[in-house]
Amino acid sequence: MTSTTQPDAVQEWQEWREGRLAAVTGSYGPLALAGTYWLADHPDGRIAGLPGRWTVAADGAAVLLEAGPEDGLTVDGAPAAGAHRLDQDAGPAAARVGHGARRLVVLRREGLWAVRDFDPGAPARRAFAGIDAYPYEERWVRPGLFRPYGERRTVQVANADGQERGFVLGGELAFPLDGDEHTLQVAVEPDGSLWAVLADATSGTDSYRFRFLRPPAPAADGTVPVDLNRTQLPPCAFADHFICPFPPPGNTLPFALRAGERNALVD
Numbered sequence: 004m005t006s007t008t009q010p011d012a013v014q015e016w017q018e019w020r021e022g023r024l025a026a027v028t029g030s031y032g033p034l035a036l037a038g039t040y041w042l043a044d045h046p047d048g049r050i051a052g053l054p055g056r057w058t059v060a061a062d063g064a065a066v067l068l069e070a071g072p073e074d075g076l077t078v079d080g081a082p083a084a085g086a087h088r089l090d091q092d093a094g095p096a097a098a099r100v101g102h103g104a105r106r107l108v109v110l111r112r113e114g115l116w117a118v119r120d121f122d123p124g125a126p127a128r129r130a131f132a133g134i135d136a137y138p139y140e141e142r143w144v145r146p147g148l149f150r151p152y153g154e155r156r157t158v159q160v161a162n163a164d165g166q167e168r169g170f171v172l173g174g175e176l177a178f179p180l181d182g183d184e185h186t187l188q189v190a191v192e193p194d195g196s197l198w199a200v201l202a203d204a205t206s207g208t209d210s211y212r213f214r215f216l217r218p219p220a221p222a223a224d225g226t227v228p229v230d231l232n233r234t235q236l237p238p239c240a241f242a243d244h245f246i247c248p249f250p251p252p253g254n255t256l257p258f259a260l261r262a263g264e265r266n267a268l269v270d
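Right, dumping it as C-alpha cells:
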C-alpha cells in the first residue's frame with residue numbers, strides 16, 4: 004500500500020471492527036446464545052427451561068413441537084397450539100418459534116436435531132466488555148491464491164463441545180509471508196467466499212485457542228486478497244454453547260499471527 008491508501012485501509016479495518024462488534028452484541032448475536040439442546044439427549048421431549056415438547060418427527064426429517072397456550076410460545080408470530088412441524092432455521096432472524104423476547108432456533112448437524120435458545124438477557128451478553136484486537140499492520144495484507152480440490156473432501160475434526168464432526172473442505176489457500184509460502188485448508192461457502200479455521204504460535208496463550216478467517220470469493224484465476232488483520236474470533240469465544248470446529252490438520256501456522264481479533268473481554 005502507498006502512503007495515500009494506508010489511511011483508507013486503516014479506516015476500512017476500523018469499520019470492519021465496528022461491524023463485528025455490532026454483530027456480536029446484537030440482541031440475537033452470539034453472546035445471546037443461552038443453550039444448545041440436542042433432542043437425542045431428551046427422549047421425552049422435555050427440556051428444562053424450554054416450554055413445550057420437542058421431539059424428532061417420525062420420518063426424521065423435521066422437529067415436532069407440541070405446545071399449548073399455557074406454554075407461552077409463538078410459531079410464525081401466532082400463539083402455538085397443537086403440533087407444529089419445524090424445519091431447520093437459517094438463524095435467529097429466521098426462527099419460527101419465540102418465547103417472549105427469546106428466539107428458539109431449530110438446528111440440524113449430521114442428521115441430529117437440536118434447539119438453540121437465543122436470549123437477549125443471556126448472562127454472556129451482560130458481561131461482555133469488548134473484543135481485544137491487535138493493531139492494524141500492512142504486512143498482514145497478502146496476495147492469496149485459492150487452489151480448489153478436484154472434489155471436496157470431508158475430514159473429521161474435533162468441535163468445541165468435545166464431539167468430532169465432518170468438516171467439508173474445498174481447497175487450499177496459499178499466501179506468501181517473509182519469503183515463505185503458507186497454506187490453509189479452506190471451506191467454500193455457498194456464496195463462493197472462503198472460510199479457514201486456523202491456529203498459530205499465539206493460540207491459547209496470547210490469543211484465543213483458534214480463530215476464523217473469511218476471505219472473499221476468489222477471482223476466476225484463483226487470486227484472492229488475504230487480510231490477516233481480519234482474523235476473527237469464532238462464536239464459541241463468546242458463548243459456550245456453540246459447536247465450532249477446531250482447525251483441520253495442517254492449519255496451524257508456524258508463526259505468531261499477531262493480527263486480527265485476539266480475545267473476548269468480560270467484566
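Sequential numbering of the sequence shown, starting at 4, is according to this note's numbering. Cβ atoms here follow ideal geometry from the backbone N, Cα and C, with glycine treated the same way.
Local conformation of residue i per DSSP, three classes
i, result
"N162", "strand"
"R265", "strand"
"R88", "strand"
"T255", "strand"
"G225", "coil"
"R276", "Coverage of the chain is limited to positions 4 through 270, which leaves residue 276 absent and any answer about it impossible."
"T28", "helix"
"L187", "strand"
"L260", "coil"
"R105", "strand"
"P72", "helix"
"P46", "coil"
"G55", "coil"
Residue closest to residue i, alpha-carbon to alpha-carbon, out of the options
i, options, result
"A37", "R111, A127, W19", "A127"
"D181", "V160, W143, L187, P193", "W143"
"A240", "P257, Y211, A262", "Y211"
"D243", "P10, R233, P33", "P33"
"E167", "D47, A70, E113, A60", "E113"
"A223", "L260, S196, T208", "S196"
"R155", "V171, G165, L148", "V171"
"W199", "R261, W57, C247", "A small correction: the amino acid at residue 199 is Ala; Trp does not occupy that position in the sequence shown. Cα-wise, what sits closest to A199 is C247."
"D203", "T234, A61, A259", "A259"
"R111", "T39, V27, D11", "T39"
"E264", "P72, P252, R214", "R214"
"E21", "V59, L256, R233", "R233"
"G71", "T208, W57, G63", "W57"
"T255", "A117, A220, T205, H102", "T205"
"G29", "R129, N266, D135, L216", "R129"
"A262", "Y137, L216, V109", "Y137"
"A93", "Y31, G85, N162", "Y31"
"G207", "L216, D183, N266", "N266"
"A64", "W16, F131, V109, A97", "V109"
"A97", "G80, R23, A61", "G80"
Residue i and residue j closer than 7 Å at C-beta
i, j, result
"T120", "L107", "The sequence shown places Asp at residue 120, rather than the Thr named in the question. Against a cut-off of 7 Å, the Cβ pair of L107 and D120 comes out as a contact."
"E175", "Q159", "no"
"V66", "V100", "no"
"L76", "P95", "no"
"G173", "V191", "yes"
"V229", "R145", "yes"
"A12", "P123", "no"
"L201", "P257", "no"
"G147", "F178", "yes"
"P252", "F149", "no"
"L68", "H45", "no"
"W41", "A117", "yes"
"L115", "A161", "no"
"W16", "Y139", "yes"
Near the ligand NAP: residue i beta-carbon under 6 Å from a heavy atom
i, result
"P179", "This structure does not include the ligand NAP; it has no bound ligands of any sort."
Burial state of residue i, where buried means 16 or more other Cβ atoms lie within 10 Å
i, result
"D194", "exposed"
"P237", "buried"
"T157", "exposed"
"T5", "Residue placement at T5 is poorly supported in this model, since its pLDDT is 40, which falls under 50; the coordinates still yield a value, given next. Under this definition T5 is an exposed residue."
"T7", "The predicted model places T7 with a pLDDT of 42, which falls under 50 and marks its position as unreliable; any figure quoted below should be read in that light. Exposed is the call here."
"Y152", "exposed"
"D270", "exposed"
"P82", "exposed"
"L268", "exposed"
"Q235", "buried"
"A273", "Any question about residue 273 goes unanswered here, given that the chain covers just 4 to 270."
"A26", "exposed"
"R105", "buried"
Contained alpha helix (DSSP H) runs [length at least 4] in the segment 107–153, N- to C-terminal order: Counting only runs of 4 or more, we get 126–130.
Restricting to runs no shorter than 3 residues, where is the beta strand (DSSP E) found entirely within the segment 192–237? DSSP runs (the beta strand (DSSP E)) wholly in the segment 192–237: 197–201, 214–216, 226–230.
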